[in-house]
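Protein chains in written order, with our numbering: chain A, 464 to 575; chain B, 5 to 120.
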């Protein structure tokens, strides 16, 4: 059974810092990995999706990497802003039609 | 991008009543939708996979007679929480799988259920 772990569970940083969020998964046979953002009481916003054949994806200040063999992914946020404060979730999919298995999330607070 | 809506966005009900939550894919057809539950400060846990025109597949530990799922059309899935109790209070989120491309899932905004 796939297990997804996110470290740290919570993170508080001053504005402007570059930061890294970590995600690990136990079964390396994945179809893709996705990073989401969730604001309090809201649904999920997809940030980046990395196919199993890819090593990284970039969108603006966000960069996600994938090392499938070691079961790890990182989300790099450059020049953090208070508006980045949210919970960040990573999720892996085993097969094309399969459901997502989510990690516990990292609650990020960026202080002005 | 693809849009998924949920209705209602929040609901408060008395213990013992039933509540129906709708999940709609607005601009694409979804043969498969997923229902997740999220307790405070916890991650999303899959409850069931909803397939259009067939019975839903429930995850272990989820009571199918309590959480009724109907996926009658390619754009609508409903989750009915029957005889709701306070412990059913949670945030319920649905997602719909795009039929083409990389099978990305698109999530609804969630429904906050509070059972008194």
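From the three backbone atoms N, C-alpha and C, an ideal C-beta is built for every residue, glycine too.
- Contact check between the stretch 528-537 of chain A and the stretch 21-32 of chain B: fewer than three CB pairs, one atom from each, fall below 8 Å, which does not count as touching.
- Going by beta carbons, residue 79/B and residue 34/B fall inside the 8 Å limit.
- In this structure, DSSP gives residue 108/B a state outside helix and strand, which the three-state scheme calls coil.
- When rounded, the separation of the alpha-carbon atoms in residue 492/A and residue 530/A is 11 Å.
- Secondary structure note for residue 8/B: its beta strand (DSSP E) is the uninterrupted segment 8-11.
- Proximity of chain B to residue 531/A at the Cβ level (cut-off 7 Å) is not reached, the minimal Cβ distance being about 16 Å.
- Taking 8 Å as the cut-off, the beta carbon of residue 39/B is found closer than this to the beta carbon of residue 54/B.
- Here DSSP, grouped into helix, strand and coil, assigns residue 91/B to helix.
- Closer than 8 Å to the CB of residue 86/B there is not a single CB belonging to chain A.
- Taking 8 Å as the upper bound for CB-CB distance, residue 482/A and residue 543/A are in contact here, some 6 Å apart.
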